[in-house]
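Asks:
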Amino acid sequence: MTVVVTLRAELASATSALLETAAALRDEDVAAPSRLPGWTRGHVLTHVARNADSLVNLLTWARTGVRVPQYASGAARDAEIEAGARRPAAEQLADLRQSSARLDAVVAEMPPEAWRSPVAALRPPPHPAWYVLVRRLRELGMHHVDLGAGYGPADWPERFVRRELGDCLRCWPHGESSVGGIRLLGVPDGGTFPALWRDLGAGPVVEGRPADLLAWLTGRSAGTGVRVVLEGQSSVPGPAGPGLPAAPPWLTMPAPADLPATPPEDYP
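In this text, residue positions in the sequence shown follow my numbering: the first is 1092, and each later residue adds one.
Here is the structure:
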């Protein structure tokens, strides 16, 4: 058994949770601002629906060997989001449900060997098809928070937080890092996942519980629950207050460049 089985189960749960939140929104709620600058909740919901269809494209590419781009272009992606953002709540919910079902059907039809096939999104690097499932979970988890409709970083499943922090560590932007180290509270030392990330940059060491740190690193909080623990190092005060640097640039994270082609037993 590979991680594909686990990721599919997580996808079912995350999709169900987002659909439950979307089902409670009224027309005026959908038209209201989201937590993403310049986007309403309708923009967020439309983006998540179109993302599902775009990942169908990538899995079709992996299954058939015929290149199918995720989106025709960045401009086409943006136009689709704008075109759907002003729809009423019932249409948004139906679209989200139907697009999620289309993606689930394609995932279920994937031959085991196709999960090894390389695909490429709008941003490099290319990655094996099994990582599409990780990317979809990222879209669901982050944008569920972005709706600003009662679901927050504290609601992220522990496994999701662990995996996303693992990818942050694998892709860390050392040349742009504003912190020198990160201490994860509540993570035991000596395990397969480090409780202390060292040598990340020239800034201070910060600490917090995993979900709080992930929210800060991905732009989903201004630093609630995150604090500097080693003073005396250079830093630039960030929006969370004096002493806490601005978060490194993790609002949009690419796939790690060194992913195994064959789906591993677990990830990370």
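Ideal placement from N, C-alpha and C gives every residue a C-beta, glycine not left out.
Please determine, among VAL1159, GLU1298 and TRP1206, the residue with the shortest C-alpha to C-alpha distance to TYR1222.
Replies: The sequence position of residue 1222 within the sequence shown is 131, counting from 1. With distances taken between Cα atoms, TYR1222 lies closest to TRP1206.
Asks: Give the single residue among PRO1359, PRO1354 and THR1151 whose Cα lies nearest to the Cα of PRO1203.
Replies: To locate residue 1203, count along the sequence shown from 1; it is residue 112. For PRO1203, the nearest C-alpha among the options comes from PRO1354.
Asks: Please list the terminal residues of the continuous alpha helix (DSSP H) segment that includes VAL1236.
Replies: Taking the sequence shown and counting its residues from 1, the one referred to as residue 1236 is at position 145. From DSSP, the alpha helix (DSSP H) with VAL1236 extends over 1222–1237.
Asks: Suppose you measure from the CA of GLY1129 to the CA of MET1092; what does that come to, to the nearest Å?
Replies: For the purposes of this step, residue 1129 is identified with residue 38 of the sequence shown, where counting begins at 1. For the purposes of this step, residue 1092 is identified with residue 1 of the sequence shown, where counting begins at 1. Their backbone Cα atoms lie some 43 Å apart in a straight line.
Asks: Using the Cα positions of ALA1240 and GLN1183, report the straight-line distance between them to the nearest angstrom.
Replies: What you label residue 1240 is simply residue 149 of the sequence shown in a count that begins at 1. What you label residue 1183 is simply residue 92 of the sequence shown in a count that begins at 1. If you take the alpha carbons of ALA1240 and GLN1183, they lie about 15 Å apart.
Asks: At the level of alpha carbons, what is the spacing between MET1201 and VAL1319?
Replies: Start at 1 with the first residue of the sequence shown, and residue 1201 comes out as number 110. Start at 1 with the first residue of the sequence shown, and residue 1319 comes out as number 228. MET1201 and VAL1319: Cα-Cα distance of roughly 46 Å.
Asks: Using 8 Å as the threshold, is the C-beta distance between GLN1161 and LEU1150 below it?
Replies: The residue labelled residue 1161 in the question sits at position 70 within the sequence shown. The residue labelled residue 1150 in the question sits at position 59 within the sequence shown. No, the pair does not count as a contact, with Cβ atoms beyond the cut-off.
Asks: Quick one: Cα of PRO1301 to Cα of VAL1252, how far?
Replies: Position 210 of the sequence shown, counted from the first residue, corresponds to residue 1301. Position 161 of the sequence shown, counted from the first residue, corresponds to residue 1252. The straight-line gap from Cα to Cα measures roughly 7 Å.
Asks: Which whole-angstrom value is the C-beta distance of ARG1132 and ALA1123, which I expect to be below 8 Å?
Replies: Your numbering for residue 1132 matches position 41 in the sequence shown. Your numbering for residue 1123 matches position 32 in the sequence shown. Rounded, the Cβ-Cβ distance is 6 Å, consistent with contact.
Asks: Considering only residues of the same chain and omitting the five flanking positions on each side of LEU1350, which have a CB-CB separation below 8 Å?
Replies: Here residue 1350 is taken as the residue at index 259 of the sequence shown, counted from 1. Same-chain partners within the cutoff: HIS1218, PRO1219 and TYR1222.
Asks: Alpha carbon to alpha carbon, how far is VAL1236 from GLY1243?
Replies: By 1-based counting over the sequence shown, the position of residue 1236 is 145. By 1-based counting over the sequence shown, the position of residue 1243 is 152. The alpha-carbon atoms of VAL1236 and GLY1243 are separated by roughly 5 Å.
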